[in-house]
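Sequential numbering from 40 applies to the sequence shown in the numbering used here. Glycine residues also receive a C-beta, built at the ideal position from the N, C-alpha and C atoms. Working notes, beginning with the structure itself.
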Amino acid sequence: MAGTAYVPAMTTTDPITIARDLIRCPSVTPVEGGALAYLADLLGRAGFAVHRVTFSEPGTPDVENLYARIGSGAPHLMFAGHTDVVPPGDDTAWRHPPFSGEVVDGVLYGRGAVDMKGGIACAVAATLDHLAARQGKAKGSISFLITGDEESVAVNGTVKLLRWAAEHGERFDHCILAEPSNVDMLGDMIKIGRRGSLNGTLIVTGKPAHVAYPHRGENPIRGLVQILSALMAEPLDRGSANFQPSNLEFTSVDVGNRTVNVIPGEARARFNIRFNDCHTQASLRELVGKRAAAAAGNVRHTIVWEDSNADVFVTAPGPFTDTVADGIAEVTGRRPELSTSGGTSDARFIKDYCPVVEFGLVGQTMHQVDENVPVADLTMLTAVYRNILGRYFAP
Ligand SMILES: [Zn+2]
Numbered sequence: 040m041a042g043t044a045y046v047p048a049m050t051t052t053d054p055i056t057i058a059r060d061l062i063r064c065p066s067v068t069p070v071e072g073g074a075l076a077y078l079a080d081l082l083g084r085a086g087f088a089v090h091r092v093t094f095s096e097p098g099t100p101d102v103e104n105l106y107a108r109i110g111s112g113a114p115h116l117m118f119a120g121h122t123d124v125v126p127p128g129d130d131t132a133w134r135h136p137p138f139s140g141e142v143v144d145g146v147l148y149g150r151g152a153v154d155m156k157g158g159i160a161c162a163v164a165a166t167l168d169h170l171a172a173r174q175g176k177a178k179g180s181i182s183f184l185i186t187g188d189e190e191s192v193a194v195n196g197t198v199k200l201l202r203w204a205a206e207h208g209e210r211f212d213h214c215i216l217a218e219p220s221n222v223d224m225l226g227d228m229i230k231i232g233r234r235g236s237l238n239g240t241l242i243v244t245g246k247p248a249h250v251a252y253p254h255r256g257e258n259p260i261r262g263l264v265q266i267l268s269a270l271m272a273e274p275l276d277r278g279s280a281n282f283q284p285s286n287l288e289f290t291s292v293d294v295g296n297r298t299v300n301v302i303p304g305e306a307r308a309r310f311n312i313r314f315n316d317c318h319t320q321a322s323l324r325e326l327v328g329k330r331a332a333a334a335a336g337n338v339r340h341t342i343v344w345e346d347s348n349a350d351v352f353v354t355a356p357g358p359f360t361d362t363v364a365d366g367i368a369e370v371t372g373r374r375p376e377l378s379t380s381g382g383t384s385d386a387r388f389i390k391d392y393c394p395v396v397e398f399g400l401v402g403q404t405m406h407q408v409d410e411n412v413p414v415a416d417l418t419m420l421t422a423v424y425r426n427i428l429g430r431y432f433a434p
């Protein structure tokens, strides 16, 4: 069945051309590089009301963003994405220059090919084709919420653009984030949620002394190992309907003692927790704090938690995820797995405004040297989005 159900759509605008043109804009965060100007022009000519918005934050560079909408009615479907890319690293390591957008043997090369200029190009091409079939008019509304600040600190991007849009009266019914969601083949996975992420440091305080006289001191490494073992021993949960079990992973143990004959005064261990919807940040802090205290006995310890804007979320399977999955299945011949695996994305911010799913290209070469996408994938993803638009706005 795989590969046989695909029928190419008639496109008024070619996704390969759009993807190539976007790759030629060297938009390494926080530089705009011409990518948003290009989209503004393309969408503006198709009748979208286009807004370019720049956000600032002390200590970070200003970043440009774009919001474009066509139509005024409901339902309102938003495509979200980012035009910024990670640095290419050593240019000479690339087979084709990272911002050249060369097509060789049916493969488009360049930084951002899959993450995620390619995905944006497909969404734009599909939308323009969908509108052309309706004489340029939207039934309901379609918008593009595109940031230039995703790959780095992500403070002047989606989070502020969503707030800006809400303040300007924008309301969204659903969102498709065009991040590379597939593992091996186009159509194998939709992300319907993401785990939360929380960082902490366990600090154990002892009493320095000469190693020859340990009874005069108190070795914090002994206490650290005791608490660390306890925290690693017991799972945080057994997983939930849509999520794998939460996980606490120690990432560093630090004493920083350069001497060979002194018992140190303090020992630290850093850890990260990827958590599912059995927990909130507050409930996790409490649970880990209690377990540490129970294991500590009279070991003096504290846990310092870092602020996190990466909360867990899930878009419950239902009519919207069905529409997306059906569109994917009809075009690709594959029924996608609804997954919550992987790291965080801008969906963690979008979920506060409307249900969001992620579906885009295959992620295998993202952030790598020779990042690339088969032209056939760009054509097929465009057909998928086009199919989803047809279903979503069905009469
Ligand atoms: Zn991305």
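The segment 209-222 and the segment 386-393 touch, with no fewer than 3 CB-CB distances between them shorter than 8 angstroms. In the three-state scheme derived from DSSP, where H, G and I count as helix and E and B as strand, H115 is classed as strand.
With a cut-off of 8 angstroms on Cβ pairs, the segment 200-209 is not in contact with the segment 135-145, counting fewer than three such pairs.
Cβ neighbours of V222 within its own chain (closer than 6 angstroms, five residues either side excluded): M228. Under the DSSP assignment, M405 falls outside any alpha helix (DSSP H); it carries neither an H nor an E label. Within its own chain, the residues whose Cβ lies closer than 6 angstroms to the Cβ of R309, once the five positions on either side in sequence are excluded, are T240, T290 and S291, listed in chain order.
Beta-bridge partners of D385 (DSSP): none assigned. A straight-line Cα-Cα distance of about 6 angstroms links L170 and K176. With a contact defined as Cβ atoms closer than 8 angstroms, P69 and D188 qualify at about 6 angstroms. Annotation for Y148: H135, E141 and N411 place their beta carbon closer than 6 angstroms to its own, counting only its chain and skipping 5 residues before and after.
Listed by position in the chain, the residues whose beta carbon lies within less than 6 angstroms of some heavy atom of ligand 1 are H121, D154, M155, E189 and E218.
Three or more beta-carbon pairs separated by less than 8 angstroms are not found between the segment 398-413 and the segment 249-256, which leaves the two stretches without contact.
Assigned with DSSP and collapsed to three states, M419 falls in helix. No Cβ-Cβ contact shorter than 8 angstroms links D80 with T93. Among the bridge pairs identified by DSSP, T240 is matched with R309 and V343.
Of the candidates I185, S220, H406 and I231, the residue whose Cα lies closest to the Cα of I159 is I185. The alpha-carbon separation between E376 and D123 amounts to approximately 28 angstroms. Put simply, the segment 352-367 does not touch the segment 254-267. Fewer than three CB pairs are less than 8 angstroms apart.
Linking L225 to L105 through their CA atoms gives a straight-line distance of about 27 angstroms.
Taken atom to atom, the span from the alpha-carbon of V343 to that of N195 is near 27 angstroms.
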